[in-house]
Structures are given as C-alpha cells and as structure tokens.
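Position one of the first sequence corresponds to residue 19 (the numbering used here), numbered consecutively onward. Quick reminder that beta carbons are idealized off the backbone N, C-alpha and C, glycines included. What you are looking at is a predicted structure, and each value in this text was computed from that prediction instead of being measured.
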Amino acid sequence: MSGNAMDPRTLHGITKRGVSDIIVEEEFVRLLGEGKPLRLKMGFDPSRPDLHLGHAVGLRKLRQLQELGHQVILIVGDWTAQIGDPSGQSATRQMLTAEEVRANAETYMQQLFKLVDRDRTQTVWQSEWFGNFSLANVIDLTRRFTVAQFLARDDFAKRFRAQQPIAITELLYPLLQAYDSVAIESDVEFGGSDQRFNLLVGRDLQAMMGQRQQQCFIMPLLVGTDGVQKMSKSLDNYIGVFEAPNDVYGKVMSIPDGLIFDYFELLTDAPDEEIAEMRATLESDGVNPMELKKRLARDLVAQLHDPEAARRAESRFEGTYQRGEAPEEAQPIPLAAWVDRLREERGEAPAGSDPAAIVLPIVPIIVGEGLAASASEAKRLLQQGAVEVDGERLTSQTALLREGSLVRVGRRRFARFVGPAGQ
RNA sequence: GGAGGGGUGGGUGAGCGGCUAAUACCACCAGACUGUAAAUCUGGCGCCCGGAAGGGCUUCGUAGGUUCGAAUCCUACCCCCUCCA
19 MSGNAMDPRT
29 LHGITKRGVS
39 DIIVEEEFVR
49 LLGEGKPLRL
59 KMGFDPSRPD
69 LHLGHAVGLR
79 KLRQLQELGH
89 QVILIVGDWT
99 AQIGDPSGQS
109 ATRQMLTAEE
119 VRANAETYMQ
129 QLFKLVDRDR
139 TQTVWQSEWF
149 GNFSLANVID
159 LTRRFTVAQF
169 LARDDFAKRF
179 RAQQPIAITE
189 LLYPLLQAYD
199 SVAIESDVEF
209 GGSDQRFNLL
219 VGRDLQAMMG
229 QRQQQCFIMP
239 LLVGTDGVQK
249 MSKSLDNYIG
259 VFEAPNDVYG
269 KVMSIPDGLI
279 FDYFELLTDA
289 PDEEIAEMRA
299 TLESDGVNPM
309 ELKKRLARDL
319 VAQLHDPEAA
329 RRAESRFEGT
339 YQRGEAPEEA
349 QPIPLAAWVD
359 RLREERGEAP
369 AGSDPAAIVL
379 PIVPIIVGEG
389 LAASASEAKR
399 LLQQGAVEVD
409 GERLTSQTAL
419 LREGSLVRVG
429 RRRFARFVGP
439 AGQ
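Below, the structure written as structure tokens:
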C-alpha cells in the first residue's frame, strides 16, 4: 500500500528539481511513501570545516526531507579525513589532532545549521566504530572488492592512466565511507555526482552484510564562480556559507550569466514556472541578466543571513559599484599610527600647508594594511593605475592623506583612514 | 631484486654550461570596454632598494662538487612513474 500519498508537487520538487540521479528512484519514492522517518546519511570531512554553496545543494535537499519528518545522521569523518578524499587530486593528508577535529566540527556545525534543521540531526563520529576496528576487520572489508572494481571509478582510472600515484590508503577511502552506511544503517545517502562510486560501494556493502540497501541520491555539482570548474575552496571559486552578506552578494553578481538558472534551480525555492518565465524573458531580451542576478543574490543572502541583510547588501552594491559611491564600510587604517611609524622608520617628516592633511608614501601603507601582498606588487598596482585616493587615480608613490581619506586598491579593496593625522 | 624514464615558478610544460628570473599555454592580477557577466584589447605576474634609470638577493627535488660562470656537467641522497621478477 502506498500509504499516505505525498503531495505530488512536493514529491516532484524532491525527486526532480536539482537531481542528477536517484538509485533506485522507485525504491526511494516507495520509502518516502511509507511515512516512516528515514535515516539520511551525510558525511562531514573534519579537515575541511568550511561550507560553501556547492554543499548547500545537498543540504537544501536534506532540509526538505527533514520537513517531512526524516532524520539526518551526520557522520564526523575523523578517520577518512586522515586519508583524504581521492576525489580531489591532493596527495596524502596531514593527520589532524583530536583538538583540531573538534574545533573544525564546531565551525562546521555552526555553518551547517544555517541550512539544515538542528533538531532533526544526529551527530556520530566514525571513531565510534572504527576506534575498535582490528586488522581482521580491515582484511574482511578489503576482501570484498577487487582492484578492477575500484579502477573503474573515474578519477582512479584517470590517475592510473596518467601514471599518477594512487596510494593504497586511498583505495580504503570508499570502503570506510561504505562501512559508515552499515554502521548507521543508512536508508539514503546523499552526494554530488563525484560521489557516485562511494555511494554505490556503500549500497553494495550493506547488501553483503545483510542489511537493506541504501538509496543513493546524487546531485549535480555546482559550478563555481569561474563558470568552469566545480565549486571548491581550493580553486577559490566558491561562495562560502560563512561569508558576510556583502561578499555573498558581490560574488553572486560576478558569476557568469550562463550559471544563473543553474543557481536558481539548485539553490533557491523559486518555482519552476517562474524560472521558466525568467528564462523566456531573458531570451527575448526583455531583461538585463544583471537584474536576474540581483534577485538571485538577494535570495541567497536572505537564506544565509536574513532578508534585511539582503536589502542592505543590495543597496550597498548599487551604491558602490553601480553608482561608484564610496562604500560606507571599509577597512579602517589608523592615520596617526602610520605617521609615527613612517617617521620613525624612515625619518619622513612631510609637511603640508593644510594642517589636517599629510603627505605620506603609500606603498608601505598598502602593504602593511594587507591591501597588497608585497611592495613589488603594490608598486605594480600603482603603475597600472589601480590605486585611488579619494577618487583620484594615484600616479606617484606619495599621497595626500587626511582623516576620512578613502583608498581603493584594485576593484574591490577599500580602506579608509581614521583618526587625526596627529601632527 | 633487475631495467628504463622522470622531479623546473599556482598548473601543464620548454630549456640541457653564459643571450635564462627562466619560452609557451592556462590560471591569476590590473587597466580599457561593461552589467563587479562573458568575449575582446593592453599591461603585469619571485623578493628587496630606488621617483626612475638601474642595482642587489633568492629560486629549477635535497646536499655537496667541477667551472670565471650551472636549471643545464659530476657525486650522493630523497621522491614519483613504467616494465620485468
């Protein structure tokens, strides 16, 4: 019996929108229909505590299911973190101390609960089962799969073909992840399309160990702000869940147009019909894509923060970037402290006719305040006309500064001098 | 255990005694154009001193050596890959 049939619209939203594949979909739908709380498995790599929108795709799915009464089991991967997910190209990882893991877990959860429901989330640690694992257990695990099976996995195959090293421990990674499914008796495991193999191993292993097989819920990978590669922290094309409203807003505005609808589909609740409508309007040149991005940016900031923050971020964006006004918030630079410091270090005693203003070398200040990585870079930027003071492009290495002077380096770094010149 | 190939700047990858801070491509940064989009064009892309011209220092797996001079030659060591066993 199909139980209390789900609202078809809700069901459609769960199984169709932003989904790459569900293995096995009919099974999954049937389980949902049974109305019993399902155990939704999600892993967390404690060496990477920061979440970005790429993670949000899956987390939003979990949230939807939580709203239907299902339970998220969050696994802190304190063992797999030591191996490092071979999905990346990175080599062997550094071991983390228990302290670091705990600290990272805290950061992680702080970000996590922006997107999933804390009350329907249970946290367990891999060490709860792997802590007592013996060599016999490991052998038992490894014996169940073959090298050929693992080499079938795309990234292993690629590396093997390219004659790149694959550590034997890396082969262990999918096994441990799979065993997690057994340990927690997972009903459904979620992952991006690069996780397909790992999810399927879990499914297989459960069957081998006499459990009901988990369903694998596979989602498309979110493309990062560069418009090419999947969003990831190491590629620096990410929008972090932890980022300030202005940063989230700005980063969303900088994504390539081609990504707009992917983002709407994967990251917002905007109804399918509305998305289709936006698409149509855009194709008929009825709207500047920028306007759609603004809506997207507002939506995302509101999700990660709140609607008020979204409004503020938008007006800041419009002011600073679209109308070229000075941003109201900018990194403060203590003017008097720099005057003293420069005088001490190089005996500069610049004088001016205006007692409130002072001429100072700008390069050490830019570097010292972290607006450029080195003096060489600062000079380069200066030469390229990338440094402005109070709206004037700086052509020399000295600048006339006063309290309230605004320095802009490149397109997005702003700082403002505070305090008196302290003559 | 044996044989061979290889380790160069964020990535790919040239160079194989001086013309090499090191070709090219990608990524990245800045400027122009814009919608903080894309594409395009221009410039840049080790560090330090200098307003500049220019100068200095440190880089080509690690440590030594040969040479007026080494990423390039020699020695030892470390690491990776392939094939054979």
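Of the listed residues the options, nearest to residue i (C-alpha basis)
i: residue 390; options: 433, 352, 410 and 422; result: 433
i: residue 306; options: 163, 275 and 427; result: 275
i: residue 198; options: 277, 302, 189 and 223; result: 223
i: residue 90; options: 351, 55, 121 and 118; result: 55
i: residue 268; options: 277, 332 and 296; result: 332
i: residue 349; options: 122, 152, 377 and 383; result: 383
i: residue 418; options: 357, 429 and 404; result: 357
i: residue 44; options: 29, 294 and 284; result: 29
i: residue 388; options: 83, 426 and 292; result: 426
i: residue 10; options: 126, 161 and 38; result: In the structure as shown, the chain starts at 19 and stops at 441, and residue 10 therefore has no counterpart that could be examined.
i: residue 342; options: 394, 430 and 212; result: 430
i: residue 153; options: 119, 227, 190 and 69; result: 190
i: residue 134; options: 80, 119, 403 and 400; result: 80
i: residue 128; options: 322, 178 and 211; result: 322
i: residue 296; options: 285, 287, 187 and 310; result: 310
i: residue 116; options: 149, 138 and 86; result: 149
i: residue 38; options: 303, 213 and 167; result: 213
i: residue 195; options: 183, 185 and 219; result: 219
i: residue 139; options: 186, 85, 183 and 185; result: 85
i: residue 137; options: 88, 73 and 165; result: 88
i: residue 287; options: 187, 363 and 313; result: 313
Cβ-based burial, residue i [other Cβ within 10 Å; buried from 16]
i: residue 241; result: buried
i: residue 105; result: Per-residue confidence for residue 105 stands at a pLDDT of 46, beneath the threshold of 50, marking its modelled position as unreliable; the derived number appears in the next sentence. The residue is buried, with at least 16 neighbouring Cβ atoms inside 10 Å.
i: residue 34; result: exposed
i: residue 176; result: exposed
i: residue 289; result: exposed
i: residue 261; result: buried
i: residue 317; result: buried
i: residue 110; result: Caution is warranted here: a pLDDT of 45 is assigned to residue 110, below 50, making its placement in the model unreliable, and the coordinate value is therefore given only provisionally. Residue 110 is exposed by the Cβ-count criterion.
i: residue 308; result: exposed
i: residue 278; result: buried
i: residue 75; result: buried
i: residue 122; result: buried
i: residue 42; result: exposed
i: residue 400; result: buried
i: residue 155; result: exposed
i: residue 243; result: buried
i: residue 108; result: Residue placement at residue 108 is poorly supported in this model, since its pLDDT is 42, which falls under 50; the coordinates still yield a value, given next. Looking at its Cβ environment, which holds fewer than 16 other Cβ atoms inside 10 Å, residue 108 is exposed.
i: residue 96; result: buried
i: residue 221; result: buried
i: residue 19; result: For residue 19, the predicted model reports a pLDDT of 43, less than 50, meaning its position is unreliable and no value from the coordinates is stated.
i: residue 304; result: exposed
i: residue 78; result: buried
i: residue 99; result: buried
i: residue 374; result: exposed
Residue i vs residue j beta-carbon contact at 8 Å
i: residue 238; j: residue 328; result: no
i: residue 94; j: residue 67; result: no
i: residue 392; j: residue 407; result: no
i: residue 355; j: residue 439; result: no
i: residue 315; j: residue 271; result: yes
i: residue 273; j: residue 283; result: no
i: residue 32; j: residue 83; result: yes
i: residue 436; j: residue 351; result: yes
i: residue 59; j: residue 157; result: no
i: residue 193; j: residue 159; result: yes
i: residue 130; j: residue 69; result: yes
i: residue 229; j: residue 200; result: yes
i: residue 132; j: residue 47; result: no
i: residue 360; j: residue 416; result: no
i: residue 345; j: residue 330; result: no
i: residue 161; j: residue 226; result: no
In DSSP terms, what residue i is bridged to
i: residue 248; result: 241
i: residue 60; result: 92
i: residue 434; result: 350 and 424
i: residue 411; result: 406
i: residue 209; result: 236
i: residue 40; result: 235
i: residue 378; result: 417
i: residue 142; result: 93
i: residue 388; result: BP columns for residue 388 are empty, so no partner.
i: residue 323; result: Paired residue(s): none; residue 323 is not in a bridge.
beta-carbon residue i near the ligand HEM non-hydrogen atom, thresh 7 Å
i: residue 169; result: This structure lacks the ligand HEM; in fact it carries no ligand of any kind.
| task | Count the CB pairs spanning the segment 192-210 and the segment 223-236 that are closer than 8 Å, and state whether there are at least three. | result | yes
| query | Any chance the segment 129-149 sits against the segment 171-190, with 3 or more Cβ pairs inside 8 Å? | reply | no
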